[in-house]
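Residue numbers (our numbering): 324 to 394.
Ideal placement from N, C-alpha and C gives every residue a C-beta, glycine not left out.
This is the structure in structure tokens:
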């Protein structure tokens, strides 16, 4: 299974976070990073762009989020 991170934090900030986690450097577990340069997290087009960039259909991707409906 491939794992990608999409965050409102910059890619650089994501790499710092996952490079210095409480479990140590876990960057090797992450296949790629996305930030709001690809689009805002509340816009469905952003997720289509991510799917296109990793070469995967949106129907084959599980997106987990911290955004609640209405945000």
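With 16 other CB atoms within 10 Å as the buried threshold, where does residue i fall?
i, result
"residue 373", "buried"
"residue 343", "exposed"
When the Cα atoms are used, what is the spatial distance from residue i to residue j?
i, j, result
"residue 379", "residue 325", "11 Å"
"residue 367", "residue 354", "21 Å"
"residue 346", "residue 340", "11 Å"
"residue 371", "residue 352", "23 Å"
Which residues in the same chain as residue i place their Cβ atom closer than 7 Å to its Cβ, once the five residues preceding and following it in sequence are excluded?
i, result
"residue 330", "337 and 358"
"residue 369", "361, 362 and 363"
"residue 384", "374"
Which of the three DSSP states is assigned to residue i in this structure?
i, result
"residue 393", "coil"
"residue 326", "coil"
"residue 331", "coil"
Using a Cβ-Cβ cutoff of less than 8 Å, which residues in the same chain neighbour residue i once the five nearest sequence positions on both sides are dropped?
i, result
"residue 390", "364 and 365"
What does a CB cutoff of less than 6 Å around residue i pick up in its chain, not counting 5 residues either side in sequence?
i, result
"residue 356", "328, 334 and 337"
**Residue ranges of each beta strand (DSSP E) within the stretch 340-369, 3 or longer** = Counting only runs of 3 or more, we get 355-357.
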